[in-house]
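Everything on this sheet refers to the single structure shown next.
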Amino acid sequence: LNSYGHGGRRFISGPNDRRVYQLLVPMPETTHSSQFVGFEVDGQHYAFQIEQIQEIVILDQVTQTPQVAEYIEGVSNLRGSIIPIINLRKLFGLEPKPADGETRTIVVNVGEQTMGCTVDAVRQVIRIPEESIQPAPDTVTAEGANYVFGFAKLEDSLVILLDIDELLSADRLDQVRSPTLPTESPS
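Using this note's numbering, read the sequence shown as starting at 1 and increasing by one per residue.
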């Protein structure tokens, strides 16, 4: 595996991993931008702000733990630290998919907690100008989905920008998996 870093963070790519690359959108010097790590889950493009990402890894082993939520794959020993591993496919209520050559775990920091998020593939490091980020409409966040903080159009795809703190906070995880939907009253 190859390691490369940015701002004290380490990113990895395997020998056959051609898709993890840096995409820097050209901008004038005066434009403010943010960097994100883009990834895929079930063919949809998502991104986390790079500041909260510790590293991206290919996990050798995940130890399953009993009586935990379905979206928790288990725990892993990451250089002496035991961290929970959350499968974003399962968290989003999607069908599980066996790990393959593109599966990655994004190690993130949520407050004082470090945890891993398993995704289908990591695609790129993206620099997005602030004016290209559209806030999430109220209809998207109305049912407690405050973890979507915005959208960015890049080339031919729409990227959903996720707020790691909102998505992975202990009191929010169950709401992500089972959002409260309005019920219809019988007619």
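Glycine included, each C-beta is placed from N, C-alpha and C at the ideal position. The structure presented is a predicted model; accordingly, all values stated were derived computationally and were not measured.
Within the same chain, Cβ atoms closer than 8 Å to the Cβ of residue 158 are found at 45, 151 and 152, the five residues on either side in sequence being excluded. Taking a contact as a CB-CB distance under 8 Å, the pair residue 85 and residue 103 does not count as one, their CB atoms being some 11 Å apart. Taking the Cα positions, residue 39 is about 22 Å away from residue 111. In the three-state reduction of the DSSP assignment, residue 58 falls in the coil class. Excluding five sequence positions before and after residue 147, the CB atoms of its chain that fall closer than 6 Å to its own CB belong to 162, 163, 166 and 167, given in chain order. Burial is judged here by how many other beta carbons sit within 10 angstroms of a residue's own beta carbon; residue 87 has at least 16 and is buried. Between the alpha carbons of residue 50 and residue 57 lies a distance of about 15 Å. Ranking 69, 42 and 116 by CA distance to the CA of residue 52 puts 116 first.
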